[in-house]
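What follows is a short report on a single structure.
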Amino acid sequence: MIEAYLERASTYAGDIDILFSGVFWIVAVWFVAAEGVLFYFCFRYRKQEGVAAKYVTGEEKSYKKFISVPHYLILVFDIFIIAGAILVWYNIKQRLPENPDLTVGIISQQWAWTFIHPGADGELHTADDIKTIDELHLMENTTYLYELESLDVLHSFSVPVFRLKQDAIPGRKIVGWFTPTKTGEWDIQCTEICGIGHGLMPARVHIRSAYDHEQWLEENTPAEAGQALAAASNP
Amino acid sequence: MSHAHKMSFWEKYVFSTDHKMIGLQYMFTGIAMAIIGGFFVYVFRMQLAFPGISVPGYGEVTPLAYNSLVTNHGTIMIFWFAMPVLIAAFGNILIPLMIGCDDMVFPRINRLSYQIFLLSALVLVASFFVPNGGFGGAWTAYPPLSAEAAYNATPLGAPMWLIAVALEFVAFLLGGINFITTMMNARAKGMTMYKIPIVLWLIVIASILFMLSVGPLIAGAVMLLFDQLLGTHFYNPGGGGDPLLWQHLFWFFGHPEVYVVLLPAMGIVADIMAVFARKKLFGYRTILYSVFATGILSFVVWAHHQFIAGIDPRMANLFTVTTLLISIPIAELCFVYIATLYGGSITFNTPMLWAISFMVEFLIGGVTGIFLGASGADIYFHDTYFVVAHFHYTFVPIAIIGFYAGITYWFPKIFGKMLDDKLGRIHFWGTIIPFNFIFIPLFVLGTAGQHRRIFNYEYFQDLALAEFYNLRVIATVSLLVMIAFQFVFVYNFVKSLRKKEKAPKNPWNANTLEWTADSPPPHGNWPELPVVYRGPYEYSHPDRESDWWPQHEPGPDPADPDYQSPSQNPQTT
Amino acid sequence: MAFQVPIATSRSSTGIPTSRLAVWWVLASEIVIFGGLIMSYLMFRLHHESWSYEAAKTDPWAGGFNTFVLLTSSLFVVLAHHAAENNDTKKSFRYIWYTIGGGGVFMMVKIYEYSSKIMHDYTMFKSVFWSFYYTATGLHGFHVLCGMVIMAIIAQDVKKGKNLHRVEAIGIYWHFVDVIWIFLFPLLYIAK
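Taken in sequence, the protein lines are chains A, B and C.
In this text, residue positions in the first sequence follow the numbering used here: the first is 1, and each later residue adds one.
In this text, residue positions in the second sequence follow the numbering used here: the first is 236, and each later residue adds one.
In this text, residue positions in the third sequence follow the numbering used here: the first is 809, and each later residue adds one.
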């Protein structure tokens, strides 16, 4: 259902959408049943001349089952939801991919995002890293690790099309992962209130095909770093 | 002479120790604060629907002001409206009247609790007028944003906000101790555990929940205040502290707090449903046990607010399980309430309409919580408008519907006049319909990925679409309609108060003790305190000619195992 | 203003006197306040090795002496309660003041401790450990001080033979203040 409003641009976006739809239908059945019974009772047992109300304490066995049976059914449905939620959670948050292709650095501060992309060498924290403000440039079908940091207060890195969200905490480096699956350009929002400019720190994620991403890398590699690399490859 | 008269005014209305007057003080202070909170929501919803306009009655909304408006809207509605009205006002008015005694056990502590509460409200309101305005770090006040003026830009607003909240906690601790002790010790003769009306049970259980959950946050607030004012580093990672500590302390309180306000509202609804369906509550003990279970579970679910806050991801699994388990007792409560209507003879007066709409709307709030408690789905939904819509579908039924249900039901007792039923219905439909039109669009916006607390969505290209813009306008216009209809209530309130005709002692033919006192009850409530013979919900008993059986009427108790039906044993008639 | 004690106050549906019941609920709310503080401290302590070195700088002898003083004053308050139950107002009055004296000695030692720590530059801002040290002992000291003031008021009543049941209530409170110290002392002074 979420996909009707928002595209899926990561490998696990579909998982969350399915989980949402699953929970939605389970919940919808219960909700409609409960509201249906409620409205039916309101209509059926409205005050009518000459009809007295029943005297039911609710402690009788014959009546109690109407509460206890749904009660156990809810427990069963809860188990399904818990299982689904934990499976999705485990995949997105609890494990890290074994062979990530690249790592990006994400640094949040009041009120901007700094993204550090690995340069042509594919390694982060080297001379050819590309730093951008409020723009994250990614390559399609590539598994990324992210290292999320904050310089001042709490922020939260959220990419709705990835269905990803993670708080940034000053003094800690939080590592997670995502794999973009679709080329395009979408919003990144800060989700944790971070002061006056909280609503003013929009960023964009740009996802390109491998070829276009190479182009972008070439165009944006800082000049000195490029020369140093060239010097290193041509002794 | 005039001096003496003046003294009596102060004694009667301001420094009264009478539980009903203190209850009314809480209620009107709460309503006054709700008007401020309501004004805030008007301002920022206007800004959201029509970004950048000069809001009539306020002016242009700056980002700093926007943050402060949303923060204080939340704070006020929970701490200065829901709690004082549902727990303190109804608790104060109802507890002594329904257990059949003349006052609270500690009337002067009761008065002190209100005075501290009033002081807290004044501190909060004053904080809006200091330089840079009130605190704007969300009602959750996560440090380091809340801890340092350099980050939050409100050097005075932030500590004042915190002091106000802390004072409010102290007021409710004092009030809570009074409530709990009064209900435990001051019950009328014959009012045993299972003969106490559900609404009192739930108010008292809410007070206990509050008392047991707020302690760590009080300690946390002291630490945060030291961080703000003295410059310690409890929550500052740069100085060796930990910002997540506050989140744990806050939500350890914050989640039970939801039940602290929910339970009194559910209690009010239970009493109203029984009276207007002329039915005994379906499973009095089932309700109590479900509430106990909810209360206990509510202490072990707090981290579901922090799934993506950087806690150990394994912990999220544990909290997903506990969170979903809490759906069981809450669902059971809803079933029991619906089952109470079964076989009834339902009159749809204003209070009953409010009570039924509570169930209808609260169910939406309840089921949408499941998406957020499921850790996997929460990764996406956390802090979106889905969350906003979800908790408004719980808090609006609790605070607004619960309040209107209670006030329309007990109005004749509290003020001694009847409310106009027709105006009441107009007000009811004029509130409920726009309410749904405010928050259903927000569910859609949240599902589409719109995040909270952002003052202008024009900066986000994916959210600046025309279809989303329309949804925001629908929400705002519905809000304006809803606010407009509240004036119907005010008119009805004033008009009914000025009516000459007095309300009867017991207009609804209800069983509970408060209806045996005069309307309004005098100081001391009864000339002679009542005695209780049976449970509060003996409606439509087959052995009775009338469809109610008041608690105070001497005679047998049908719940007694030795009870013999007169039809089986004709000699006893 | 004429204030009449309502009938409600004299009722006792549970069989427990209302004042005792209320004090237990006060303590329940206090326990979670200190509980939250102590839990926060423990979480930090377990995550930070360095705190044990800082804890070594506290003065266990002063803390130990204070433990002894508080325990002794608790004994006095028991005796005061006992005397109040036997309607021996004079004796009760005297023992209440001994208890207050114990609290006074405790506070004096506390002042000595604080000033000597501050003189050696272990202020509240030195590290989070010291922030906890001053916050926890300060909050506890505040409770001691409140207890002393309340006891002085109750002592005046007792002297006139009024409200003797309050001696028990303040006694329960004083024991609680004592128990909190029994938790704080090893956590802040001894555990290295």
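Idealized CB from N, CA, C, for every residue including glycine.
What separation, rounded to the nearest whole angstrom, lies between the Cα atoms of residue i and residue j?
i        : j        : result
Thr866/C : Asn874/C : 13 angstroms
Asp753/B : Ser158/A : 59 angstroms
Asn741/B : Val831/C : 37 angstroms
Thr822/C : Pro331/B : 16 angstroms
Ala28/A  : Phe274/B : 34 angstroms
Thr808/B : Trp436/B : Note that Thr808/B has pLDDT 40, beneath the 50 cutoff, so the model's placement of it is unreliable and the number below is only indicative. The alpha-carbon atoms of Thr808/B and Trp436/B are separated by roughly 34 angstroms.
Asn91/A  : Ala612/B : 12 angstroms
Val535/B : Phe674/B : 29 angstroms
Glu702/B : Trp113/A : 28 angstroms
Val556/B : Ser562/B : 10 angstroms
Leu73/A  : Val56/A  : 24 angstroms
Ala454/B : His213/A : 52 angstroms
Is residue i close to chain B? Criterion is C-beta to C-beta, closer than 8 angstroms.
i        : result
Met932/C : yes
Thr143/A : no
Lys165/A : yes
Pro70/A  : yes
Val913/C : no
Leu947/C : yes
Ser821/C : yes
Gly184/A : no
Ile133/A : no
Trp833/C : yes
Ile990/C : no
Ala34/A  : yes
Among the options, which one has its Cα closest to the Cα of residue i?
i        : options                                   : result
Lys131/A : Pro222/A, Ala13/A, Thr11/A and Asp212/A   : Pro222/A
Ile636/B : Val358/B, Val496/B and Leu444/B           : Val496/B
His662/B : Ala385/B, Asn727/B and Leu435/B           : Asn727/B
Leu715/B : Met281/B, Tyr248/B, Lys430/B and Lys255/B : Met281/B
Pro765/B : Asp613/B, Glu749/B and Tyr639/B           : Glu749/B
Ala624/B : Ala710/B, His490/B and Ile581/B           : Ala710/B
Ile67/A  : Phe517/B, Tyr692/B and Gly659/B           : Phe517/B
Glu788/B : Val358/B, Ile633/B and Pro771/B           : Pro771/B
Ile415/B : Ile438/B, Thr427/B and Gln463/B           : Ile438/B
Ala384/B : Thr375/B, Trp374/B and Pro366/B           : Pro366/B
Glu185/A : Ser209/A, Met201/A and Gly176/A           : Ser209/A
Asp547/B : Ser610/B, Arg520/B and Ile531/B           : Ser610/B
Ala794/B : Asp17/A, Glu59/A and Ile16/A              : Glu59/A
Closer than 8 angstroms, CB to CB, is residue i near chain A or not?
i        : result
Pro390/B : no
Gly265/B : no
Tyr774/B : yes
Val595/B : yes
Pro801/B : no
His308/B : no
His238/B : Here the model assigns His238/B a pLDDT of 44, short of 50, so the residue's position is not dependable and the matter cannot be decided.
Tyr470/B : no
Which partner residues does residue i have in the DSSP bridge list?
i        : result
Phe115/A : Ile106/A and Thr132/A
Ala203/A : Ile188/A
Ile174/A : Leu148/A
Met139/A : Arg208/A
Ala168/A : His155/A
Ser163/A : Looking at the sequence itself, residue 163/A is Arg, so the reference to Ser does not match. Answer by DSSP bridge pairing: none, since Arg163/A is not bridged.
Pro180/A : Ser10/A
Shorter than 8 angstroms from the beta carbon of residue i to some beta carbon of chain C?
i        : result
Ala454/B : yes
Val457/B : yes
Ile412/B : yes
Ala361/B : no
Cys569/B : no
**Asked** Do the stretch 538-551 of chain B and the stretch 499-509 of chain B make contact, defined as three or more Cβ pairs closer than 8 angstroms?
**Response** no
Measuring CB atoms only, is the stretch 479-499 of chain B touching the stretch 182-200 of chain A, in the sense that at least three cross pairs come out at less than 8 angstroms? no
| At least 3 beta-carbon pairs within less than 8 angstroms: the stretch 382-397 of chain B vs the stretch 335-343 of chain B | no
Exercise. Quick one: any contact between the stretch 445-454 of chain B and the stretch 407-415 of chain B, if contact means 3 or more CB pairs under 8 angstroms?
Worked result: yes
| query | Are there three or more Cβ pairs, one per stretch, closer than 8 angstroms when the stretch 637-647 of chain B is compared with the stretch 684-700 of chain B? | reply | no
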